[in-house]
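Visitor: Take a look at this one; I'll ask things after.
Numbering (the numbering used here), first residue to last: 152 to 266.
Okay, here's the thing in C-alpha coordinates:
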(Lines of atoms letter the chains of each structure in order from A and count residues from 1; the text may use other names and numbers.)
(Lines give C-alpha, C1' and ligand atoms only; values in the text may rest on other atoms or scores of the structure.)
Protein backbone atom coordinates (compact mmCIF):
# COMPACT_ATOMS: atom_id res chain seq x y z
CA UNK A 1 0.00 0.00 0.00
CA UNK A 2 0.97 3.66 -0.27
CA UNK A 3 1.36 3.89 3.51
CA UNK A 4 3.81 0.98 3.55
CA UNK A 5 5.87 2.55 0.75
CA UNK A 6 6.11 5.82 2.68
CA UNK A 7 7.11 3.96 5.82
CA UNK A 8 9.77 2.02 3.91
CA UNK A 9 11.15 5.22 2.37
CA UNK A 10 11.25 6.85 5.79
CA UNK A 11 13.13 3.89 7.28
CA UNK A 12 15.62 3.94 4.40
CA UNK A 13 16.20 7.67 4.85
CA UNK A 14 16.76 7.19 8.58
CA UNK A 15 19.20 4.36 7.91
CA UNK A 16 21.16 6.51 5.42
CA UNK A 17 21.20 9.39 7.88
CA UNK A 18 22.44 7.14 10.68
CA UNK A 19 25.17 5.67 8.46
CA UNK A 20 26.20 9.19 7.46
CA UNK A 21 26.37 10.33 11.09
CA UNK A 22 28.40 7.27 12.08
CA UNK A 23 30.83 7.79 9.20
CA UNK A 24 31.31 11.45 10.15
CA UNK A 25 31.84 10.52 13.81
CA UNK A 26 34.44 7.92 12.81
CA UNK A 27 36.31 10.52 10.78
CA UNK A 28 36.22 12.97 13.68
CA UNK A 29 37.58 10.28 16.03
CA UNK A 30 40.36 9.43 13.58
CA UNK A 31 41.24 13.13 13.19
CA UNK A 32 41.57 13.44 16.98
CA UNK A 33 43.69 10.29 17.04
CA UNK A 34 45.97 11.83 14.39
CA UNK A 35 46.70 14.69 16.76
CA UNK A 36 47.65 12.52 19.73
CA UNK A 37 48.51 8.96 18.76
CA UNK A 38 51.67 7.25 17.70
CA UNK A 39 51.83 5.79 14.21
CA UNK A 40 51.25 2.23 15.39
CA UNK A 41 48.03 3.18 17.18
CA UNK A 42 46.92 5.26 14.23
CA UNK A 43 47.28 2.27 11.91
CA UNK A 44 45.84 -0.10 14.50
CA UNK A 45 48.90 -2.35 14.60
CA UNK A 46 51.40 -3.44 17.22
CA UNK A 47 54.97 -2.11 17.29
CA UNK A 48 56.13 -5.57 16.25
CA UNK A 49 53.97 -5.64 13.12
CA UNK A 50 55.63 -6.92 9.96
CA UNK A 51 56.16 -4.70 6.95
CA UNK A 52 53.33 -6.54 5.22
CA UNK A 53 51.04 -5.80 8.16
CA UNK A 54 52.02 -2.13 8.00
CA UNK A 55 51.13 -2.03 4.31
CA UNK A 56 47.81 -3.80 4.86
CA UNK A 57 46.87 -1.51 7.77
CA UNK A 58 47.77 1.57 5.74
CA UNK A 59 45.65 0.38 2.80
CA UNK A 60 42.75 -0.39 5.15
CA UNK A 61 42.91 3.00 6.87
CA UNK A 62 43.21 4.95 3.60
CA UNK A 63 40.24 3.04 2.19
CA UNK A 64 38.22 3.87 5.31
CA UNK A 65 38.53 7.60 4.69
CA UNK A 66 37.88 7.24 0.97
CA UNK A 67 34.60 5.38 1.40
CA UNK A 68 31.56 6.66 -0.38
CA UNK A 69 29.57 6.58 2.85
CA UNK A 70 29.84 10.36 3.06
CA UNK A 71 27.76 12.51 0.81
CA UNK A 72 29.61 15.16 -1.16
CA UNK A 73 28.16 17.76 1.20
CA UNK A 74 29.54 15.94 4.25
CA UNK A 75 32.89 15.34 2.56
CA UNK A 76 33.12 19.07 1.86
CA UNK A 77 32.28 19.88 5.47
CA UNK A 78 34.97 17.49 6.68
CA UNK A 79 37.61 18.32 4.07
CA UNK A 80 40.12 19.61 6.63
CA UNK A 81 39.82 16.48 8.78
CA UNK A 82 40.06 14.16 5.79
CA UNK A 83 43.19 15.95 4.52
CA UNK A 84 44.76 15.82 7.98
CA UNK A 85 44.07 12.11 8.34
CA UNK A 86 45.44 11.37 4.85
CA UNK A 87 48.63 13.32 5.52
CA UNK A 88 49.29 11.63 8.85
CA UNK A 89 48.49 8.17 7.46
CA UNK A 90 50.90 8.80 4.57
CA UNK A 91 53.59 9.94 7.00
CA UNK A 92 53.00 6.93 9.26
CA UNK A 93 53.29 4.56 6.32
CA UNK A 94 56.42 6.27 4.98
CA UNK A 95 58.17 5.92 8.34
CA UNK A 96 56.92 2.50 9.41
CA UNK A 97 57.47 0.87 6.01
CA UNK A 98 61.10 2.00 5.84
CA UNK A 99 63.21 -0.15 8.18
CA UNK A 100 65.79 2.60 8.80
CA UNK A 101 63.23 5.31 9.55
CA UNK A 102 61.17 2.89 11.61
CA UNK A 103 64.21 1.97 13.72
CA UNK A 104 64.74 5.67 14.42
CA UNK A 105 61.06 6.12 15.23
CA UNK A 106 60.87 3.06 17.50
CA UNK A 107 64.45 1.96 18.22
CA UNK A 108 63.45 -0.72 20.73
CA UNK A 109 61.21 -2.58 18.28
CA UNK A 110 62.71 -5.62 16.59
CA UNK A 111 61.48 -5.64 12.99
CA UNK A 112 60.13 -8.89 11.58
CA UNK A 113 61.06 -9.75 8.02
CA UNK A 114 58.57 -9.17 5.22
CA UNK A 115 57.16 -12.36 3.71
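Where is the CB? At the ideal position from N, CA and C, for every residue including glycine.
For clarity, every value in this text was computed on a predicted model and none was experimentally measured.
Return yes when the Cβ of residue 233 is within less than 8 Å of the Cβ of residue 216, no when it is not.
Guide: yes
Visitor: On the three-state DSSP scale, how would you describe residue 198?
Guide: coil
Visitor: Looking at C-beta atoms only, is the number of pairs between the segment 204-213 and the segment 166-173 that lie closer than 8 Å three or more?
Guide: no
Visitor: Anyone know if the C-beta pair for residue 113 and residue 240 falls short of 8 Å?
Guide: The structure shown does not extend to residue 113, since the chain is modelled only from 152 to 266, so the question has no answer here.
Visitor: Take residue 175 as the anchor and find which of 227, 251, 250 has the nearest alpha-carbon.
Guide: 227
Visitor: Alpha carbons only, please: which of 158, 211, 156 is nearest the one belonging to residue 194?
Guide: 211
Visitor: Between 242, 225, 164, 198, which has its C-alpha nearest residue 213's C-alpha?
Guide: 242
Visitor: Tell me which residues share the same chain as residue 182 and place their Cβ nearer than 7 Å to its Cβ, disregarding the 5 neighbours each side in the sequence.
Guide: 232, 235, 236
Visitor: Helix, strand or coil: which one does DSSP assign to residue 254?
Guide: Three-state DSSP puts residue 254 in a helix.
Visitor: Measure the alpha-carbon distance for residue 189 versus residue 249 and round it to whole angstroms.
Guide: 16 Å
Visitor: For residue 152, does the three-state DSSP call read helix, strand or coil?
Guide: In this structure, residue 152 counts as coil in the three-state DSSP scheme.
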